[in-house]
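Chemist: Residues in the sequence shown are numbered consecutively from 24, following the numbering used here. Note that the Cβ used here is the ideal one computed from N, Cα and C, for glycine as well. Quick caveat, the model's predicted, so the values are computed rather than measured.
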Amino acid sequence: MNVTSVTTQPIAGQRPGTSGLRKKVTVFQAPGYLENFVQAIFDSLAGFKGQTLVLGGDGRFHNDEAIQTIVRMAAANGFGRVLVGQHGILSTPAASCVIRKHQAFGGIILSASHNPGGPEGDFGIKYNTGNGGPAPEKITDAIYANTQKITRYLTVEAPAVNLAVQGTTSVGEMQVVVIDSVADHADLLATLFDFDRIGALLRSGTFKMCFDAMHAVTGPYAQEIFVKRLGAPASSLMNAVPLPDFGGGHPDPNPTYAEDLIKVMFGDGSGSESAPDFGAASDGDGDRNMIVGTNFIVTPSDSLAVLAANAMLVPGYASGLKGVARSMPTSAAVDRVAEKLGIKCFETPTGWKFFGNLLDAGEVTLCGEESSGTGSDHVREKDGVWAVLFWLNILAVRRESVEAILRGHWQRFGRNYYSRHDYEGVDSAAANGLMAHLRESLATLPGRTVGGATIASADDFAYTDPVDGSVSTAQGIRIGLKDGSRVVFRLSGTGTEGATLRVYLERFEPDPAKHAVETQQALAPLIGLADTLAGIRERTGRSAPTVIT
Ligand code: VG1
Ligand code: CO
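#1: Let me check understanding here. Comparing Cα to Cα, which of Thr-49, Ala-118, Gln-109 lies closest to Val-77?
#2: Please indicate yes or no: does the CB of Thr-41 lie closer than 7 Å to some heavy atom of ligand 1?
#3: From this set, Ser-350, Asp-164, Ile-366, which residue's C-alpha is nearest Gly-343's C-alpha?
#4: What does the alpha-carbon distance come out to for the pair Lys-345 and Thr-388?
#5: Can you tell me which of Gly-290, Tyr-280, Ala-168, Ser-114 puts its alpha carbon nearest to the alpha carbon of Gly-155?
#6: Specify, as a first and last residue, the run of the alpha helix (DSSP H) that Asn-439 falls within.
#7: Relative to the C-alpha of Lys-172, which residue among Ile-314, Asp-482, Phe-60 is closest?
#8: Just to confirm, is the Cβ distance from Pro-276 to Ser-258 under 8 Å?
#9: Have a look at Met-458, Ala-453, Phe-512, Asp-534 and flag the residue whose alpha-carbon is nearest the alpha-carbon of Gly-431.
#10: Classify Arg-359 as helix, strand or coil using the three-state DSSP reduction.
#11: Do you know whose CA, among Gly-507, Ile-417, Thr-487, His-208, lies nearest Glu-477's CA?
#12: Locate the alpha helix (DSSP H) running through Gln-91, then write down its first and last residues.
#13: So, are the CB atoms of Ser-354 and Ser-324 less than 8 Å apart?
#14: Does the segment 265 to 280 come within contact of the segment 206 to 220, defined as at least 3 CB pairs closer than 8 Å?
#15: With a CB to CB cut of under 6 Å and the five nearest residues on each side skipped, what residues in its chain are close to Gly-82?
#16: Looking at ligand 1, does it come within less than 7 Å of Gly-222, judged from the CB to the closest heavy atom?
#17: Keeping to the same chain, check which residues put their C-beta closer than 8 Å to that of Leu-429; ignore five residues upstream and five downstream.
#18: Leaving out five residues before and five after Ala-485 in sequence, what residues of the same chain have Cβ atoms less than 6 Å from its Cβ?
#19: On the DSSP bridge list, what partners appear for Gln-250?
#20: With a CB to CB cut of under 7 Å and the five nearest residues on each side skipped, what residues in its chain are close to Asp-358?
#21: Checking the sheet assignment: what are the DSSP bridge partners for Cys-120?
#22: By DSSP, does Phe-218 sit in helix, in strand, or in coil?
#23: Please give the ranges of any beta strand (DSSP E) in the segment 364 to 407, keeping only runs that are unbroken, at least 3 residues long and fully inside the region.
#24: Can you give me the C-alpha to C-alpha distance between Lys-47 and Thr-27, rounded to a whole angstrom?
#25: Should the segment 173 to 191 be called in touch with the segment 68 to 75, which here means at least 3 C-beta pairs below 8 Å?
#26: Only counting runs of 3 or more residues, tell me where the beta strand (DSSP E) segments fall wholly within the segment 277 to 365, in order along the chain.
#27: When burial is assigned at 16 or more other CB atoms within 10 Å of the CB, is Asn-416 buried or exposed?
#28: Since Gly-407 and Gly-470 are thought to touch, with beta carbons under 8 Å apart, how far apart are those beta carbons, to the nearest angstrom?
#29: From this set, Ile-64, Ala-63, Gln-32, which residue's C-alpha is nearest Leu-54's C-alpha?
#30: Taking Glu-520 as the reference, which of Ala-557, Glu-447, Gly-130 has the closest Cα?
#31: Would you say the beta carbon of Thr-517 is closer than 7 Å to some non-hydrogen atom of ligand 1?
#32: Confirm the yes/no value for this check: CB of Arg-95, any heavy atom of ligand 1, distance under 7 Å.
#33: Determine the direct distance from the alpha carbon of Leu-514 to that of Leu-68, and round the result to whole angstroms.
#34: Checking 8 Å against the spacing of the C-beta atoms, do Phe-84 and Gly-129 come in under that value?
#35: On a CA-only basis, which of Gly-385, Met-351, Ser-399 is nearest Tyr-340? Give me that one, please.
#36: Do you know whose CA, among Val-411, Asn-439, Gly-228, Gly-271, lies nearest His-538's CA?
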């Protein structure tokens with residue numbers, strides 16, 4: 024094998040964020056940009072000679088080209104085998120599943136997830152370790168350090184691999200196996216859920232579902248699982264053909280960007296009878312989910328709590344949950360369920376990489392984030408289609424509407440009113456200034472009364488991993504009020520333009536007579552308080568959030 028060592032030099036700004044390295048496609052297209060980062064990944068790892076690497080992406084613009092580059096570099100660096108999804112497609116949870124099932128050394132996933140795609144859009148890359156989960160900070164820090172001192176990358180000359188056809192070929196001394204992108208993941212999901220019962224519901228003619236793949240990676244997964252294996256009518260899927268630019272959309276399953284689905288689920292606004300009973304959407308790389316009932320949106324934090332409270336109805340979880348974990352800004356709705364179930368509940372920083380150790384150590388079974396991510400110990404990523412099947416399994420057993428299930432849940436556990444306000448594309452200096460100002464005022468906040476509310480606590484969230492003791496600091500400003508409400512401020516670590524300020528608002532209401540208030544109204548005092556404390560309007564020049572979820 025003729026390995027070529029190509030001289031290169033460090034490129035600034037290759038620090039992985041919340042979930043891998045994300046930049047504009049045009050940045051990734053610059054000579055050496057992808058190559059430097061991939062070599063930096065390989066140089067941060069040891070012991071992969073002759074081992075298997077899993078490779079695939081969400082099909083966005085530049086996916087195939089990047090795959091061909093990485094295949095050649097993997098061969099040059101000494102991997103024994105690469106498993107590539109057919110057409111270069113692997114959803115993030117499917118990649119996690121394939122890594123685990125085939126005992127791969129690790130995997131590279133090409134995705135910028137919920138960020139828009141296309142030639143003017145975003146591209147991304149992340150490394151997952153042998154447990155199938157996102158590389159922990161120890162590794163992403165090492166990768167970044169390598170990008171800053173890189174002098175060469177290794178590659179071989181080889182013709183492009185035909186990604187359209189399943190089968191084995193070779194590049195240099197390395198085998199390249201093009202695999203079915205869906206089968207392993209679908210087979211695993213079939214072991215967890217009652218497919219007979221879900222299938223019966225979907226075929227009953229009295230239950231209608233609408234799944235919006237947002238022209239992103241879950242199209243083929245939904246086709247195989249919902250239509251082929253479970254027998255749902257083909258009309259149950261919308262936007263199910265993956266497109267390199269996601270049809271020009273923003274593949275983030277929230278009420279703003281998944282407007283096609285929202286329109287269907289809310290009928291003509293008059294509570295139309297033809298609206299489906301159950302709606303769901305997933306994101307660019309298939310790890311997120313949004314759950315919608317007829318005229319009713321389920322808040323992701325509530326969805327996690329409902330899954331935990333109903334897990335015993337689902338075969339894969341019927342023997343009980345070991346524990347649950349949620350990211351810090353996620354509402355405490357699941358904490359209340361954990362308390363009733365008598366199981367542990369962990370609070371981690373934002374990003375799925377922080378759940379890996381807890382899942383590996385058998386401390387938790389379910390995990391979730393307020394950003395529409397839920398998952399379990401079946402893989403080491405959040406899993407959109409898994410969450411949809413979990414909901415379908417619950418609905419097939421309970422035969423109640425989504426709204427009735429939520430209202431019943433609040434009655435039993437109380438309601439955590441919750442909302443996230445995003446200010447996207449804010450000037451970076453202004454956003455950093457806002458956070459710095461909050462950090463400086465932390466010590467003076469407890470005891471202060473603002474707009475009638477007394478502040479009980481204020482800190483910058485730091486996390487010590489209970490399994491390996493690693494410490495992560497500056498994970499978000501938390502301000503707790505005396506009545507248990509809280510406001511959290513964070514800057515996004517996944518954006519590619521300016522800064523995105525996220526403001527998370529939460530208030531607990533135990534009284535069932537007060538559970539029907541509109542969310543923004545229920546949180547209005549907190550919204551005002553957030554602005555007073557952080558000076559959002561003044562510092563960002565924005566009078567309203569870009570997206571409210
Ligand atoms: C966001 C979400 C976070 C999620 C991350 C990756 O990060 O808030 O909960 O884990 O995206 O999700 P940030 O740093 O922008 O807040 V995905 O589906 O984009 O890989
Ligand atoms: Co995603």
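Modeler: According to the structure data:
#1: Closest in alpha carbon position to Val-77, among Thr-49, Ala-118, Gln-109, is Ala-118.
#2: Within the cutoff, so yes.
#3: Closest option to Gly-343, Cα to Cα, is Ile-366.
#4: One C-alpha to the other measures close to 6 Å.
#5: Closest option to Gly-155, Cα to Cα, is Ser-114.
#6: Not the alpha helix (DSSP H): Asn-439 falls in the beta strand (DSSP E), residues 438 to 449.
#7: Comparing alpha-carbon positions, the option among Ile-314, Asp-482, Phe-60 lying closest to Lys-172 turns out to be Phe-60.
#8: No, these two residues do not count as a Cβ contact at 8 Å.
#9: Checking every option, the nearest Cα to that of Gly-431 belongs to Asp-534.
#10: Arg-359: helix per DSSP, three-state reduction.
#11: In the sequence as displayed, the identity of residue 477 is Thr instead of Glu. When C-alpha distances from Thr-477 are compared across Gly-507, Ile-417, Thr-487, His-208, the shortest belongs to Gly-507.
#12: It spans 86 to 100 - the alpha helix (DSSP H) in which Gln-91 sits, taken as one unbroken run.
#13: Yes; because the gap between Cβ atoms is below 8 Å, this pair is in contact.
#14: Output reads no: the segment 206 to 220 does not touch the segment 265 to 280.
#15: Excluding five sequence positions before and after Gly-82, the CB atoms of its chain that fall closer than 6 Å to its own CB belong to Ile-112, Val-240, Pro-265, given in chain order.
#16: Not under cutoff, so the answer is no.
#17: Contacts found: Gly-316, Phe-319, Val-321, Asp-325, Val-329.
#18: Only Thr-496 meet the Cβ criterion.
#19: This sequence places Val at residue 250; Gln is not what is there. Answer by DSSP bridge pairing: none, since Val-250 is not bridged.
#20: Within its own chain, the residues whose Cβ lies closer than 7 Å to the Cβ of Asp-358, once the five positions on either side in sequence are excluded, are Cys-368, listed in chain order.
#21: The partner list for Cys-120 (beta bridge, DSSP) is empty, contrary to what the question assumes.
#22: Shown here, Phe-218 sits in a helix according to DSSP, grouped into three states.
#23: Correct list: 367 to 371, 389 to 392, 396 to 399.
#24: Cα to Cα, Lys-47 sits roughly 28 Å from Thr-27.
#25: Short answer: they don't touch.
#26: Fully enclosed beta strand (DSSP E) runs of 3 or longer: 301 to 304, 313 to 316, 319 to 321, 346 to 350.
#27: Its Cβ being crowded by 16 or more others within 10 Å, Asn-416 is buried.
#28: The Cβ separation is near 43 Å, so there is no contact.
#29: Note that residue 54 is Pro in the sequence shown, not Leu. Minimum Cα distance to Pro-54 is reached at Gln-32.
#30: For the residues Ala-557, Glu-447, Gly-130, the minimum Cα distance to Glu-520 belongs to Glu-447.
#31: At least one heavy atom of ligand 1 lies closer than 7 Å to the C-beta of Thr-517.
#32: Residue side-chain check: Arg-95 keeps its Cβ at 7 Å or more from all non-hydrogen atoms of ligand 1.
#33: If you draw a straight line from the Cα of Leu-68 to the Cα of Leu-514, it comes to about 29 Å.
#34: For the pair Phe-84 and Gly-129, the CB atoms are not nearer than the 8 Å cut-off.
#35: Closest in C-alpha terms to Tyr-340, from the list Gly-385, Met-351, Ser-399, comes Ser-399.
#36: A check of alpha carbon separations from His-538 across Val-411, Asn-439, Gly-228, Gly-271 identifies Asn-439 as the nearest.
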